[in-house]
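Residue numbers (our numbering): 1 to 283.
Given below as structure tokens:
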């Protein structure tokens, strides 16, 4: 029987590190949260972020862009780029389909692009020289390394291991592939056009689930004693929050799996804060 990874000790550790950093420095500028949707998920995520920034006495401002045209959004971003009181810019997804996401992301000044959304920052990441790492990707590896260090006390455990990434989005799946390479792993990137997903998922010593399909990954698909990082957040048919992994069925075979909710998302918010604080090194 596998275990569900307890995120709380890692969360407390990172939060204390951030608080100590804030005590020793003067982080007196602001982050701009850009709101494109009034969806329930976007509202919940934004409120949780605001509560975290309030707890840490970090300043922010909200810009509601729900009814704005793309050309007007770009003008607003230009103003934020040139505003020396704004040190970070974070679009809160989802972005409406009538707006070119990459065009919006790539308008953000690279040193203010705290979630590594722009083509420039993604290019740096893909060159193994990142200014920022996408927060959800960073969170996934923070959890993985924390668990491995606690379990095996071996910082080189990941080297040579096969990482299967189920999902290929530009801001999660593909960066996970790059981070896997940077950690000397053997990455395999799967997507919706792959036939026989089970054949490839079974190869994974580590599986990153980020496809956005509720409980897609079942116990019969996975390798014995694998570690699964479930990044998905979905609503089930019963209106419950579930991941991309059927946690009950995989527990019979895995070494460990992250929970949903209260898993990767909890660390992701802290990685957003850490990336924001990193912007001060570019001043």
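Backbone N, C-alpha and C fix where the C-beta goes; we use that ideal spot for every residue, glycine too.
Rounded to a whole number of angstroms, what is the C-alpha to C-alpha distance between residue 179 and residue 137? Position 179 of the chain shown, counting from 1, holds the residue named residue 179. Position 137 of the chain shown, counting from 1, holds the residue named residue 137. The alpha-carbon atoms of residue 179 and residue 137 are separated by roughly 8 Å.
Simplified DSSP assignment, three categories, for residue 248: The count along the chain shown starts at 1 and reaches residue 248 at position 248. Correct three-state label for residue 248: helix.
Can you have a look at residue 90 and say buried or exposed, based on whether 16 or more other CB atoms are within 10 angstroms of its CB? Residue 90 sits at position 90 when you count from the first residue of the chain shown. By the 10 Å Cβ count, residue 90 comes out buried.
Please state if the CB of residue 104 and the CB of residue 95 are separated by a distance shorter than 8 Å. Against the chain shown, residue 95 aligns to sequence position 95. Against the chain shown, residue 104 aligns to sequence position 104. The Cβ-Cβ distance between residue 95 and residue 104 falls below 8 Å.
Using a Cβ distance threshold of 8 Å, determine whether the stretch 144-161 contacts the stretch 121-128, with at least three qualifying pairs required. Here the stretch 144-161 makes no contact with the stretch 121-128; the two share fewer than three CB pairs at distances below 8 Å.
Note down the Cα distance separating residue 207 from residue 32, rounded to an integer number of angstroms. Your numbering for residue 207 matches position 207 in the chain shown. Your numbering for residue 32 matches position 32 in the chain shown. Their Cα atoms are separated by approximately 33 Å.
Just tell me which of 183, 43, 18, 37 has its CA closest to the CA of residue 68. By one-based count along the chain shown, residue 68 stands at place 68. Between residue 68 and the set 183, 43, 18, 37, the nearest pair of CA atoms involves 37.
Determine the burial state of residue 276: buried for a count of at least 16 other Cβ atoms within 10 Å of its Cβ, exposed for fewer. The residue you call residue 276 lines up with position 276 of the chain shown. Residue 276 is buried by the Cβ-count criterion.
Assess contact between the stretch 259-268 and the stretch 238-247, defined as three or more Cβ pairs (one per stretch) separated by less than 8 Å. Is contact present? By the Cβ test, the stretch 259-268 is in contact with the stretch 238-247, since at least three Cβ pairs between them sit closer than 8 Å.
Assuming residue 217 and residue 253 form a contact by the criterion Cβ under 8 Å, report the distance between their Cβ atoms to the nearest whole angstrom. To locate residue 217, count along the chain shown from 1; it is residue 217. To locate residue 253, count along the chain shown from 1; it is residue 253. Residue 217 to residue 253, Cβ: 11 Å. No contact.
So, does the stretch 39-46 touch the stretch 68-83, judging by three or more C-beta pairs under 8 Å? Contact fails: fewer than three Cβ-Cβ distances are below 8 Å.
Along the chain, where does the beta strand (DSSP E) containing residue 149 start, and where does it finish? Residue 149 sits at position 149 when you count from the first residue of the chain shown. Careful: residue 149 lies outside any beta strand (DSSP E), inside the alpha helix (DSSP H) at 135-152.
Buried or exposed by the 16-neighbour rule on C-beta atoms within 10 Å, applied to residue 226: Taking the first residue of the chain shown as 1, we reach residue 226 at position 226. Buried, since its Cβ has 16 or more Cβ neighbours within 10 Å.
Look up residue 157 in the DSSP assignment and say whether it is helix, strand or coil. Counted from its first residue, the chain shown places residue 157 at position 157. Annotated three-state conformation of residue 157 is coil, per DSSP.
Could you pull out every unbroken alpha helix (DSSP H) segment of at least 4 residues lying fully inside the stretch 65-105, listed in chain order? Taking only runs of at least 4 residues, the alpha helix (DSSP H) segments lying wholly in the stretch 65-105 are 70-82.
So who's on the other strand from residue 62, going by DSSP bridges? Numbered from its first residue, the chain shown carries residue 62 at position 62. Bridge partners of residue 62: 33.
By Cβ distance, which residues of its chain are closer than 8 Å to residue 115, with the 5 residues on each side in sequence left out? As a working note, residue 115 is residue 115 in the chain shown. Hits under 8 Å: 90, 91, 132, 134, 135, 171, 272, 275.
Could you give the DSSP three-state label for residue 187: helix, strand or coil? Along the chain shown, read from residue 1 onward, the residue named residue 187 stands at position 187. It is a strand residue.
If you count every other CB in all the chains shown that lies within 10 Å of the CB of residue 269, and 16 or more means buried, which is it? For the purposes of this step, residue 269 is taken as residue 269 along the chain shown, with counting starting at 1. Around the beta carbon of residue 269, 16 or more other beta carbons sit within 10 angstroms, so the residue counts as buried.
DSSP on residue 257, reduced to helix/strand/coil? Sequence index remark: in the chain shown, residue 257 carries index 257 (1-based). If DSSP states are grouped into helix, strand and coil, residue 257 belongs with the strands.
Please determine if the stretch 159-166 and the stretch 193-206 are in contact, where contact requires at least 3 C-beta pairs separated by less than 8 Å. Between the stretch 159-166 and the stretch 193-206, the count of C-beta pairs closer than 8 Å reaches three or more; the two stretches touch.
Relative to the C-alpha of residue 57, which residue among 19, 7, 236 is closest? Within the chain shown, residue 57 is the residue found at index 57, counting from 1. For residue 57, the closest alpha carbon among the candidates 19, 7, 236 is that of 19.
Please determine, among 236, 177, 256, 130, the residue with the shortest C-alpha to C-alpha distance to residue 150. Along the chain shown, read from residue 1 onward, the residue named residue 150 stands at position 150. Among 236, 177, 256, 130, the Cα nearest to that of residue 150 belongs to 256.
Going by beta-carbon coordinates alone, are residue 194 and residue 230 separated by less than 8 Å? Here residue 194 is taken as the residue at index 194 of the chain shown, counted from 1. Here residue 230 is taken as the residue at index 230 of the chain shown, counted from 1. No, Cβ-Cβ distance for residue 194 and residue 230 is not below 8 Å.
Mind checking which residues open and close the alpha helix (DSSP H) that includes residue 207? For the purposes of this step, residue 207 is identified with residue 207 of the chain shown, where counting begins at 1. Looking at the DSSP string, residue 207 is not in any alpha helix (DSSP H); the run it does join, the beta strand (DSSP E), is 206-209.
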